[in-house]
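Engineer: In this text, residue positions in the sequence shown follow my numbering: the first is 377, and each later residue adds one. Have a look at the structure that comes next, please.
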Amino acid sequence: LIRFPSTAPRAAAVASVLQDKLDGLSRDAVGFPSRILTDAERPLLLLLDRSFDALSPLLHEYTYQAMVHDLLQVHDDRYKYSYTSNNNQKLSKEVLLNETDPLFVKYRHMHIADLGQRLHVDYKQFIAENKETADLNKGDQDMRAMRTGLQGVQRFQEQTGRYSMHISIAEELVKRYNGAGLEQISILEQSMAVGEEINGKPYRTAMADLRALLAKDDLLLSPEDRMRLVMIYMITQENIKQEDRRLLLEEAGIAPEDQAR
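Okay, structure coming up:
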């Protein structure tokens with residue numbers, strides 16, 4: 377069963393194409409049920425477009441890939457990062473953060489709180505698994521070990537470079553998370569989004585808490601985060617007075633040309 381909202385033409389178009397594909401497979405492929413299933417037996421696929429949920433894209437997400445695109449300057453999957461070379465030179469390099477990087481694919485859905493430790497553990501394991509190559513600079517290997525090590529030099533250098541890059545990016549993300557006060561922002565976001573405080577009690581102080589956060593002198597909120605917070609408030613709160621709306625837009629510093637009419 378394929379279901380979609382009657383007001384979503386894109387979802388309807390996708391449903392039509394998918395149904396045609398499934399019908400074709402059921403005629404030609406082995407593995408489909410030989411009898412017609414009842415509605416209770418058939419799986420349900422629900423197709424929705426983004427307009428069904430305008431809130432989720434505004435909330436900060438703390439998996440690796442989401443933070444990379446939210447907090448760093450990434451264009452067409454390209455990111456330019458700075459690092460220090462072995463001879464203490466400050467260098468920069470443009471890299472691709474997409475499916476061409478196996479480490480990015482491996483870690484992109486990992487929460488940032490777990491990523492740093494996992495990167496260091498996996499890097500140590502990689503070094504242990506490539507001991508002959510890692511020990512080449514020590515100069516105390518026999519010829520057999522040196523030959524084995526030399527065979528893997530190129531792959532070893534590429535992989536250690538990738539690990540170094542991702543460790544550097546993860547550290548930069550944590551630095552920006554702390555510098556932007558995202559912990560405080562996220563607590564307010566989640567409270568407004570779910571309508572509950574951390575302790576599970578109904579959340580009733582959204583307006584006061586948002587105004588207090590916007591007025592904090594020690595918290596350098598970016599214009600984007602200010603706008604996101606106000607938009608979350610508008611979506612999640614009911615019966616907003618026009619005066620409260622005007623006050624929030626003013627305190628958030630949102631220019632008239634950026635406001636919805």
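We treat Cβ as the ideally placed atom computed from N, Cα and C, and that holds for glycine.
Looking at the structure shown, is GLU619 part of a helix, part of a strand, or coil, going by DSSP?
Structural biologist: helix
Engineer: Considering only the alpha carbon of each residue, which of PRO385, GLN441, ARG379, VAL450 lies closest to PRO419?
Structural biologist: ARG379
Engineer: From the DSSP output, which residues share a beta bridge with HIS487?
Structural biologist: THR439
Engineer: How about the region 486–500 and the region 431–440: do they share at least three Cβ pairs that are nearer than 8 Å?
Structural biologist: A contact exists between the region 486–500 and the region 431–440.
Engineer: Under 8 Å Cβ to Cβ from TYR539, same chain only, skipping five residues before and after it: list those, please.
Structural biologist: LEU479, LEU495, ASP498, TYR499, PHE502
Engineer: When DSSP labels each residue in this structure, what does LYS397 get in the three-state scheme?
Structural biologist: helix
Engineer: Mind checking which residues open and close the beta strand (DSSP E) that includes SER427?
Structural biologist: Here SER427 belongs to no beta strand (DSSP E), and DSSP marks it neither H nor E.
Engineer: From what residue to what residue does the beta strand (DSSP E) around LEU467 run?
Structural biologist: 466–472 is the extent of the beta strand (DSSP E) around LEU467.
Engineer: Cα separation between MET610 and ASP620?
Structural biologist: 10 Å
Engineer: From the DSSP output, in three-state form, read off THR383 for me.
Structural biologist: coil
Engineer: Pull up the distance between the alpha-carbon of GLU505 and that of ILE630, whole angstroms please.
Structural biologist: 54 Å
Engineer: If the criterion is Cβ atoms closer than 8 Å, does the pair ASP601 and ALA556 meet it?
Structural biologist: yes
Engineer: Rounded to whole angstroms, what's the CA-CA distance from ARG403 to ALA387? Just pull it up for me.
Structural biologist: 24 Å
Engineer: Judging by CA-CA distance, which residue of GLU417, ILE543, ASP446, VAL550 is the nearest neighbour of SER598?
Structural biologist: Measuring from the Cα of SER598, the nearest candidate turns out to be ASP446.
Engineer: What residue does the alpha helix (DSSP H) around MET612 start on, and which one ends it?
Structural biologist: The question names Met, yet the displayed sequence has Thr at residue 612. Element bounds for THR612: 599–612.
Engineer: Does the Cβ of LEU413 have 16 or more other Cβ atoms within 10 Å, making it buried, or fewer, making it exposed?
Structural biologist: Answer is exposed; the Cβ neighbour count stays below 16.
Engineer: Taking GLN566 as the reference, give the member of SER432, ILE545, LYS469, TYR455 with the closest Cα.
Structural biologist: SER432
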